[in-house]
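S.K.:
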Amino acid sequence: MNKNKFMTMLIGRPNVGKSTIFNKLIGAKTAHTSDIAGTTIDVNTKEISYMNIDFLLADSGGFNLHPANELEKQIINMVFKYAEKVDLFLLVVDYKAGLIPEDIEIYRNFIKYGVNVFLLINKVDSIKNVENALSEFGKIGIENKFALSAENSIGIDDVLESIVEEFKSSNLKCKKDKNINETIKIAIVGKPNSGKSTYINTVLKDNLIQTGDKPGTTRDSIDSVFNYKCKKIILIDTAGIRKKSKLDFNSANFQKQTISSIERADIVCVFIDIQHGLTHDDLSLLKLVTVEKKQFLIAFTKWDIVNIDSESNTIQDIKNEIELNLKEFADSHYIFISSKENKNIYKIIDTCIEIYGSKNIKIKTSDINEFISVQKNNLLKGNIFKHIAYGVQKNTDEIFMPTFIFFTDNKGKIFSMKDIKFIRNTIKTYFKIKSNVEVLIEYKNYQK
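Number 431 marks the last residue of the sequence shown (the working numbering); no jumps.
1. Hey, could you find the ends of the beta strand (DSSP E) V100 is sitting in?
2. Taking its Cβ as the centre, do 16 or more other Cβ atoms sit within 10 Å of N52, making it buried, or is it exposed?
3. What number of angstroms, rounded off, separates the C-alpha of K214 from the C-alpha of K330?
4. Determine, using beta carbons only, whether I250 and I281 come nearer to each other than 8 Å.
5. Check the DSSP bridge columns for K214 and list the partner residues they point to.
6. If you count every other CB in all the chains shown that lies within 10 Å of the CB of G(-5), and 16 or more means buried, which is it?
7. Do the CB positions of V26 and G10 come within less than 8 Å of each other?
8. Just the C-alpha distance for S341 and E126, rounded to the nearest angstrom, thanks.
9. Please return the same chain residues whose Cβ sits closer than 6 Å to the Cβ of K239, not counting the five positions on each side in sequence.
10. Specify, as a first and last residue, the run of the alpha helix (DSSP H) that A116 falls within.
11. How many angstroms separate the CA atom of K411 from the CA atom of V253?
12. Distance check for K270 and K128, CA to CA, integer angstroms please.
13. Is it buried or exposed for L307, if we count other Cβ within 10 angstroms and need 16 for buried?
14. Does the distance from the CB of K7 to the CB of I139 come in under 8 Å?
15. Taking the C-alpha atoms as reference points, what is the distance between S243 and N184?
16. Within this structure, are the beta carbons of K1 and V75 separated by less than 8 Å?
17. Who are the near neighbours of I336 in its chain, counting only those whose CB is closer than 7 Å to its CB and skipping five residues on each side?
18. Using 8 Å for Cβ pairs, my map puts R247 next to I216. What's the rounded Cβ distance?
19. Could you round the C-beta distance between F279 and E421 to whole angstroms and report it? I think they count as a contact, below 8 Å.
20. By the three-class DSSP mapping on this structure, what secondary structure does G0 have?
21. For the segment 60 to 68 and the segment 30 to 49, state whether three or more C-beta atom pairs, one from each stretch, are separated by less than 8 Å.
22. Smallest Cα separation from N303: which of I110, L261, K122?
23. Rounded to whole angstroms, what is the Cα-Cα separation between I371 and N99?
24. Would you grab the beta carbon distance between I104 and F120 for me? Rounded to a whole angstrom, and I think it's under 8 Å.
25. Helix, strand or coil for M(-10) per DSSP?
26. Could you check what DSSP says for L131 in three-state terms: helix, strand or coil?
27. Bridge partners of L423, per DSSP?
28. According to DSSP, what are the bridge partners of Q278?
29. Do you know offhand how far I110's Cα is from P84's?
30. For E55, which residues in the same chain have their Cβ closer than 6 Å to its Cβ, ignoring the five residues on either side in sequence?
31. Look up A80 in the DSSP assignment and give the residues it is bridged to.
32. Specify, as a first and last residue, the run of the alpha helix (DSSP H) that N408 falls within.
33. With 16 other CB atoms within 10 Å as the buried threshold, where does Q358 fall?
34. Let's see if you can read the secondary structure: which residues bound the alpha helix (DSSP H) around S349?
35. Given a cut-off of 8 Å, decide if I171 and K179 are closer than it, judged by their beta-carbon atoms.
36. Going by C-alpha distance, which of S321, T386, S136, L(-7) is nearest N343?
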């Protein structure tokens, strides 16, 4: 499947009219469609060209969030696999049936993928019911709502035009590879057998991949290159690790290869095997990433193996362990993935794309000092900020991380890790920096 074109997917309970809406959308007068090779009867997919925007429309068909047999399990797994690649979901509900808990459950399952959702309220066969439909189903909490009657072709054009406008407004138009103008290098690092190769192989199956020696690569790494959402993505994997699964984490060769991958990357994704929790080697690797001052996220792999009843405890145990052993990572961005079950595979890449945007964060010195002044006047926060005279943002052309330097009159005292964490989080909240973007705090003594 060509992931260069944007995909929207119809989701919802059985018999709410997804297939009818699908047929009406692809049958619109000015929409040109073509079949997509490699799809199955369970996920019907068409390519549509409308108003100079090319996108894919998929119908998830009938699926059960709580499969009762092996066939239903295969179907829902396939739907979730497709969902990893979707840029916009169309949640279809039945006005005549009213809002039921399953509609909300479906929404909550798919909103996790981090993309926008349109709500299509089907079977609104009278204009006098439109206001009531929008009010009743507005309880779901979806901003973009459409009341329509697919059977009578009412509201179909509005939906199609809104899909196109969504892609346009998001600057997601990408008809040909030549429009791809940004390259993001993502290093996949972790201990041997942490799931790196399985993850990369899963991604390779879904995309037309170029691998091997590329300009700028080293003998210690393998680059896998593919296009995704108008970006050129380069996954950097250590060659030796892929070939020798028993390579010792503490060996000089392993360390050399890992450092080489980290140095070349824009963003580092650290893979940790959820079965073994957070080990000393994992902590050492995380420290190595921060020494290189790289943006990063943490992927806990093999999530399918963890007992579902212990999920919340497992997450909390790991967070507690990080808080105890490596406080600076307590607020790091975590993603739980299962390459085997195709869960959150593309969420890693989507998150990296989002983080990549942080390289353009530039905050004026006057705004930083206004921020300091505001915090000094806040009684709850004054104890920390009263020691800060002024601050600046460091020129970070050579460092892919927003970095702030604060000049303090703290009489030589060192800010605690807790203080630095508090300052960092306060900055991110005040300047609306995304939570998954790492911010570096430095401070220097200021002599009056």
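Positions of the beta carbon are idealized from the N, C-alpha and C atoms, including for glycine.
M.R.: The relevant details are as follows:
1. Walking along the sequence shown from the start, residue 100 turns up at place 117. Start and end: 99 to 105.
2. Residue 52 sits at position 69 when you count from the first residue of the sequence shown. By the neighbour-count rule (16 or more Cβ atoms within 10 Å), N52 is not buried but exposed.
3. Residue numbering aside, residue 214 sits at position 231 when the sequence shown is read from its first letter. Residue numbering aside, residue 330 sits at position 347 when the sequence shown is read from its first letter. Approximately 15 Å between the Cα atoms of the pair.
4. In the sequence shown, the residue the question calls residue 250 occupies position 267. In the sequence shown, the residue the question calls residue 281 occupies position 298. No, the Cβ-Cβ distance between I250 and I281 is not below 8 Å.
5. Locating residue 214 in the sequence shown gives position 231, counting from the first residue. According to DSSP, which records beta bridges pairwise, K214 is partnered with Y211.
6. By 1-based counting over the sequence shown, the position of residue -5 is 12. The residue is buried, with at least 16 neighbouring Cβ atoms inside 10 Å.
7. Here residue 26 corresponds to residue number 43 of the sequence shown, with the count starting at 1. Here residue 10 corresponds to residue number 27 of the sequence shown, with the count starting at 1. Going by C-beta atoms, V26 is not nearer than 8 Å to G10.
8. Translated into the one-based positions of the sequence shown, residue 341 becomes position 358. Translated into the one-based positions of the sequence shown, residue 126 becomes position 143. Cα to Cα, the separation comes out at about 26 Å.
9. Here residue 239 corresponds to residue number 256 of the sequence shown, with the count starting at 1. Nothing listed; no residue qualifies.
10. Within the sequence shown, the letter at position 133 stands for residue 116. Note, A116: alpha helix (DSSP H), 113 to 120.
11. Along the sequence shown, one-based indexing puts residue 411 at 428. Along the sequence shown, one-based indexing puts residue 253 at 270. Looking at the two C-alpha atoms, the distance is approximately 23 Å.
12. Taking the sequence shown and counting its residues from 1, one reaches residue 128 at position 145. Taking the sequence shown and counting its residues from 1, one reaches residue 270 at position 287. The straight-line gap from Cα to Cα measures roughly 46 Å.
13. Position 324 of the sequence shown, counted from the first residue, corresponds to residue 307. Flag for L307 reads exposed.
14. Against the sequence shown, residue 7 aligns to sequence position 24. Against the sequence shown, residue 139 aligns to sequence position 156. In this structure, I139 lies closer than 8 Å to K7 by Cβ.
15. By 1-based counting over the sequence shown, the position of residue 243 is 260. By 1-based counting over the sequence shown, the position of residue 184 is 201. One C-alpha to the other measures close to 21 Å.
16. Mapped onto the sequence shown, residue 1 falls at position 18. Mapped onto the sequence shown, residue 75 falls at position 92. Their beta carbons are under 8 Å apart, which means K1 touches V75 by this criterion.
17. Position 353 of the sequence shown holds residue 336. Closer than 7 Å at the Cβ level, and outside the excluded window around I336, lie I167, K212, K214.
18. In the sequence shown, counting from the first residue as 1, residue 247 sits at position 264. In the sequence shown, counting from the first residue as 1, residue 216 sits at position 233. About 14 Å separates the two Cβ atoms, so there is no contact after all.
19. Position 296 of the sequence shown, counted from the start, is the residue given in the question as residue 279. Position 438 of the sequence shown, counted from the start, is the residue given in the question as residue 421. Correct: roughly 7 Å between the Cβ atoms.
20. For the purposes of this step, residue 0 is identified with residue 17 of the sequence shown, where counting begins at 1. In this structure, G0 counts as coil in the three-state DSSP scheme.
21. yes
22. Looking up residue 303 in the sequence shown gives position 320. It is L261.
23. In the sequence shown, the residue the question calls residue 371 occupies position 388. In the sequence shown, the residue the question calls residue 99 occupies position 116. Approximately 41 Å between the Cα atoms of the pair.
24. Residue 104 sits at position 121 when you count from the first residue of the sequence shown. Residue 120 sits at position 137 when you count from the first residue of the sequence shown. Correct: roughly 5 Å between the Cβ atoms.
25. Along the sequence shown, one-based indexing puts residue -10 at 7. Here M(-10) sits in strand by DSSP.
26. Along the sequence shown, read from residue 1 onward, the residue named residue 131 stands at position 148. Looking at L131 - three-state DSSP - the assignment turns out to be coil, as it is neither helix nor strand.
27. Counting from one through the sequence shown, the residue named residue 423 turns up at place 440. DSSP lists T386 as partners of L423.
28. On the sequence shown, residue 278 is found 295 positions in, with the first residue counted as 1. BP columns for Q278 point to I250.
29. Residue 110 sits at position 127 when you count from the first residue of the sequence shown. Residue 84 sits at position 101 when you count from the first residue of the sequence shown. Approximately 26 Å, taken between the alpha carbons.
30. Here residue 55 corresponds to residue number 72 of the sequence shown, with the count starting at 1. Cβ neighbours of E55 beyond the five flanking positions: N47.
31. As a first step, residue 80 is located in the sequence shown; it is residue number 97 there, counting from the start. Answer is none; A80 lacks a bridge partner.
32. Position 425 of the sequence shown, counting from 1, holds the residue named residue 408. Taken as a continuous stretch (DSSP letters only), the alpha helix (DSSP H) holding N408 covers 400 to 413.
33. By 1-based counting over the sequence shown, the position of residue 358 is 375. That one is buried.
34. For the purposes of this step, residue 349 is identified with residue 366 of the sequence shown, where counting begins at 1. That run of the alpha helix (DSSP H) goes 348 to 359.
35. Taking the first residue of the sequence shown as position 1, residue 179 is located at position 196. Taking the first residue of the sequence shown as position 1, residue 171 is located at position 188. Yes, Cβ-Cβ distance for K179 and I171 is below 8 Å.
36. Translated into the one-based positions of the sequence shown, residue 343 becomes position 360. Among S321, T386, S136, L(-7), the Cα nearest to that of N343 belongs to T386.
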